[in-house]
Amino acid sequence: MSSPTLRVAPETDRRLHAVVAAVIVTAAVGLGILWLVVAPTGPEACALSMPGPRNCFPSDRVSAAQVGTALVAISAIVPVALALVVARAHPRAARTIARIGLVLTSVTAGYALFTSAWIPALAFARLI
C-alpha cells in the first residue's frame with residue numbers, strides 16, 4: 079500500500095516554474111548589466127567637473143554596485159524560496175508570490191542600475 083501524497087497539477091508546476099525562471103533571468107540580466115557596463119564605465123557626468131562628485135571613481139561605483147547586488151539578490155531569492163515552499167499547499171498563492179517577486183526584482187534591478195550609474199547627475203542637481 080502506498081501512502082497518499084499531495085500532488086500539484088503539472089500545468090501549475092509549469093506556470094510556477096516559468097515565473098520563477100523569469101525572476102532568475104531578470105536578476106541575472108540586471109546584475110550582468112550592473113557589473114559589466116555600469117560599474118566599469120560609469121556615467122558621462124563625471125567628465126563635467128574636476129574633481130568629480132561622488133561615484134565618479136571606480137571604487138565608488140563598485141561599492142554602490144555591491145549594495146545593489148545585495149538588494150537584487152535578496153529581492154529575487156526571498157520570493158522564489160517562499161513561492162517554492164508554498165507551492166505544494168497553495169499553488170495559486172505560490173504563483174502570485176512569484177509574480178510579486180518578478181515585479182520586485184525588476185524594480186530593484188532598475189533602482190540598482192540608476193543609483194550605481196547616476197549618483198553624479200543627482201549630485202549636480204543637488205538632489206542628494
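To get the numbering used here, take the position in the sequence shown, counting from 1, and add 78. Using N, Cα and C, we set each Cβ at its ideal position, and we do this for glycine too. No experiment lies behind these values; they were computed from the predicted model shown.
For V115, the first and last residue of its enclosing alpha helix (DSSP H): Locating residue 115 in the sequence shown gives position 37, counting from the first residue. Run containing V115: none; DSSP gives neither H nor E here.
Enclosing alpha helix (DSSP H) for R177 [first to last residue]: Taking the first residue of the sequence shown as position 1, residue 177 is located at position 99. Looking at the DSSP string, the run of the alpha helix (DSSP H) that includes R177 is P169 to A195.
Residue from L162, A117, A187 and A167 whose Cα sits closest to the Cα of L149: Position 71 of the sequence shown, counted from the start, is the residue given in the question as residue 149. Among L162, A117, A187 and A167, the Cα nearest to that of L149 is on A187.
Short Cβ contact (8 angstroms threshold) for A151 with V98: Position 73 of the sequence shown holds residue 151. Position 20 of the sequence shown holds residue 98. No, these two residues do not count as a Cβ contact at 8 angstroms.
Three-state secondary structure (DSSP) of I166: As a first step, residue 166 is located in the sequence shown; it is residue number 88 there, counting from the start. What sits at residue 166 in the sequence shown is Arg, not Ile. The answer is coil: DSSP assigns R166 none of H, G, I, E or B.
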